[in-house]
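Protein chains in written order, with the numbering used here: chain W, 625 to 796; chain F, 14 to 128.
Every residue, glycine too, gets a C-beta built ideally from N, C-alpha and C.
Encoded as structure tokens, the structure appears first; notes follow it.
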Amino acid sequence: MQMPELTPNLMFFGALAGLAALTGVGVVALRDPVRSALSLVLNFFMLAGLYFSLNAEFLGIAQIVVYTGAIMVLFLFVIMLLNLGGQKQSIEPRDFKVPFSLLLGFGLFALIASQLFQPLMHITKVATPSDWGSPQNLGVTLFTEYVWPFELASVLLLLGLVGSIMLAKRRF
Amino acid sequence: MDSVPLVAYLGLGLFLFTTGAVGVIVRRNPIVVFMCIELMLNAVNLTFLAFARYSHATGGAATEQVQQSFMAGQMIVIFVMAVAAAEVAVGLGIIMAIFRMRQDVDIDKMNLLRG
């Protein structure tokens, strides 16, 4: 396969993807959990940009609102409550797991990449309609074909709500 | 986005997933382990969206089934987000409960269930 020519689209993708990969490594490599969390926030913003580049506008907005707005705030709140930031107990000793898991990671990457990428190399053109990610399309599909999974998701969220309240109130 | 090959998105998703998997093994702070799980979920979301976006390009007519399949990619991302929200709420509750009990959050020392 020849290298695709360097269009502005590709450069935009490269910038977002490079930052996403960098911040993803930062989540694992940074020792302070607060820095890991902030790195993950940046990573979610980059991923939202990538969703926009795939014309999935609604999911890009939902990514920012749900992940960075709700989930990461919850993470930072728990880190603050546990008072973990910048203390000695957040410094983790390095041991044999690190080279072992790096080897495992490289192996996983190489295995999937070698099997998956070759048959998909030729696909470079999108052909879905460009309004496939509009809130209208998503809403119609969600409330017609996917209405039962939607209702089940509401039950799951209710269970999560009740379960987390129970866990937070119980005295051990 | 035209002219960006599908494998570029898949490669990024695979890289982020692998990073998250390595992080789950390496890190000892359960909160960071949770963040790595979130990273893996997001990598899978990106892969689903990329496959759905490029699904027509594999050739063949835009039949009803193909129409459903590329909306299915977005639907599953929505459900993954909902499940992730519930999972984080419960998981962080468990971490808080364990921290109250032990005053320590090193998951390599949590061996209460060891036989």
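Test: residue i CB closer than 9 Å to a CB of chain W
{"i": "residue 42 of chain F", "result": "yes"}
{"i": "residue 59 of chain F", "result": "yes"}
{"i": "residue 27 of chain F", "result": "yes"}
{"i": "residue 66 of chain F", "result": "yes"}
{"i": "residue 110 of chain F", "result": "yes"}
{"i": "residue 123 of chain F", "result": "no"}
{"i": "residue 126 of chain F", "result": "no"}
Residue span of the alpha helix (DSSP H) that contains residue i, given as start and end
{"i": "residue 652 of chain W", "result": "632-653"}
{"i": "residue 61 of chain F", "result": "43-66"}
{"i": "residue 126 of chain F", "result": "Unbroken run through residue 126 of chain F: none, as it is neither H nor E."}
{"i": "residue 666 of chain W", "result": "657-677"}
{"i": "residue 741 of chain W", "result": "721-744"}
{"i": "residue 707 of chain W", "result": "Run containing residue 707 of chain W: none; DSSP gives neither H nor E here."}
{"i": "residue 681 of chain W", "result": "681-686"}
{"i": "residue 759 of chain W", "result": "759-768"}
{"i": "residue 565 of chain W", "result": "With chain W covering only 625 through 796, there is no way to say anything about residue 565 of chain W."}
{"i": "residue 772 of chain W", "result": "771-793"}
{"i": "residue 35 of chain F", "result": "19-39"}
Beta carbon proximity, residue i to chain F, threshold 9 Å
{"i": "residue 790 of chain W", "result": "yes"}
{"i": "residue 641 of chain W", "result": "yes"}
{"i": "residue 687 of chain W", "result": "yes"}
{"i": "residue 633 of chain W", "result": "yes"}
{"i": "residue 756 of chain W", "result": "yes"}
{"i": "residue 767 of chain W", "result": "no"}
{"i": "residue 673 of chain W", "result": "no"}
{"i": "residue 660 of chain W", "result": "yes"}
{"i": "residue 669 of chain W", "result": "no"}
{"i": "residue 740 of chain W", "result": "yes"}
{"i": "residue 629 of chain W", "result": "yes"}
{"i": "residue 704 of chain W", "result": "no"}
Spatially closest choice to residue i from the options, by CA coordinates
{"i": "residue 733 of chain W", "options": "F:19, F:116, F:26", "result": "F:26"}
{"i": "residue 742 of chain W", "options": "F:119, F:17, F:24", "result": "F:24"}
{"i": "residue 769 of chain W", "options": "F:107, F:121, F:89", "result": "F:89"}
{"i": "residue 104 of chain F", "options": "W:681, W:700, W:787", "result": "W:787"}
{"i": "residue 782 of chain W", "options": "F:96, F:111, F:54", "result": "F:96"}
{"i": "residue 21 of chain F", "options": "W:672, W:777, W:745", "result": "W:745"}
{"i": "residue 30 of chain F", "options": "F:39, F:50, F:62, F:17", "result": "F:50"}
{"i": "residue 790 of chain W", "options": "F:87, F:125, F:56, F:107", "result": "F:107"}
{"i": "residue 87 of chain F", "options": "W:764, W:731, W:721", "result": "W:764"}
{"i": "residue 82 of chain F", "options": "F:125, F:110, F:66, F:101", "result": "F:66"}
{"i": "residue 755 of chain W", "options": "W:785, W:707, W:766, W:676", "result": "W:676"}
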